[in-house]
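Heads up, the thing below is written out as structure tokens.
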DNA sequence: GCAGAATGCTACGATTATTGTAGCAAGGGA
DNA sequence: TCCCTTGCTACAATAATCGTAGCATTCTGC
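Protein chains in written order, with this note's numbering: chain A, 1 to 126; chain B, 1 to 126.
What follows is the structure in structure tokens.
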């Protein structure tokens, strides 16, 4: 891919710990050269753990550590990276009470993704 | 991830070129430790270009090269890898006339994914 | 037949992304 | 204050992905 310059998720300036600091800026999403939102979305969702993260938050908020464990103990590095991207995309956010949860948009997206579950069950039988 | 051993898509023994040779074996999909199909599916779809490939084939078959171009000229290596995985998952196949197309299951999956398009349009407006 | 183009697919070195382990600083409770 | 949790980061190691080039086979037109 010489396509779009890759990753850089702009780990915010390491400003210690302060809840709801700011959504962490991030690049305009790969694969969005055409400007077609669907491509940007497919690219965003096509990054490792992204779909899984959304899925795990489908019916509850989770702290960063709980989220990590829910995702088969994925590396905190990548979970944080993905979370930053998803926050930048306004699909997920750190809620005031603590823990990550889906935003309204995130819930909308999940609504679309939910049928995947049934499909997966059918699909299992080859 | 010490999770599941990763990739190995078993580039078949380089048996020259013979159409519809065999679906190319592939590992049981990462993230499937729990055996829950949804996890396997999310993992499969969460690999780079997978969603895009399915999307590009949504309404037409494409030759390997055309598919590659449709995917922002992604590397043939990765396209072939993804195609092999998707064939192993019976979501896509090389049709006798040449070119790749979705299988029945693949079309079912796409049916589920189509609403993503509308969501993406709404989502664009932050 | 046979050159030429197209197809599915691979090799391989170079880059990036992802992993795993460890740990920091700030906030909360007792 | 001590302790525990939270969000988040550093960093070296490993694995995935990229880009370029090219092979063998099939198809086409001649």
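Every residue, glycine too, gets a C-beta built ideally from N, C-alpha and C.
Would you say residue i faces chain A, with C-beta separation under 8 Å as the test?
i	result
residue 124(B)	yes
residue 105(B)	yes
residue 47(B)	yes
residue 50(B)	yes
residue 108(B)	yes
residue 57(B)	no
residue 96(B)	no
residue 67(B)	no
residue 62(B)	no
residue 102(B)	no
Verify the CB distance criterion: does residue i have a CB-CB separation below 8 Å to chain B?
i	result
residue 121(A)	yes
residue 112(A)	yes
residue 90(A)	yes
residue 86(A)	no
residue 76(A)	no
residue 37(A)	yes
residue 15(A)	Residue placement at residue 15(A) is poorly supported in this model, since its pLDDT is 34, which falls under 50; the coordinates still yield a value, given next. Judged by the 8 Å Cβ criterion, residue 15(A) is not in contact with chain B.
residue 42(A)	yes
Tell me whether residue i sits in a helix, a strand or coil according to DSSP, three-state version.
i	result
residue 46(B)	coil
residue 62(B)	strand
residue 92(B)	strand
residue 102(B)	strand
residue 107(B)	helix
residue 24(A)	Model confidence at residue 24(A) stands at a pLDDT of 34, short of 50, so the residue's coordinates are unreliable; what they give is reported in the following sentence. Residue 24(A) falls in the coil class under three-state DSSP.
Going by other Cβ atoms of all chains shown within 10 Å of its Cβ, with 16 needed for buried, is residue i buried or exposed?
i	result
residue 85(A)	buried
residue 96(A)	exposed
residue 93(B)	buried
residue 123(B)	buried
residue 87(A)	buried
residue 98(A)	exposed
Going by the beta-carbon positions, is the gap between residue i and residue j smaller than 8 Å?
i	j	result
residue 90(B)	residue 126(A)	yes
residue 53(A)	residue 64(A)	no
residue 76(A)	residue 120(B)	no
residue 116(A)	residue 83(B)	no
residue 71(A)	residue 59(A)	no
Closer than 7 Å to a non-hydrogen atom of the ligand PLP - does that hold for the CB of residue i?
i	result
residue 55(A)	Ligands are entirely absent from the displayed structure, and the ligand PLP is therefore not among its contents.
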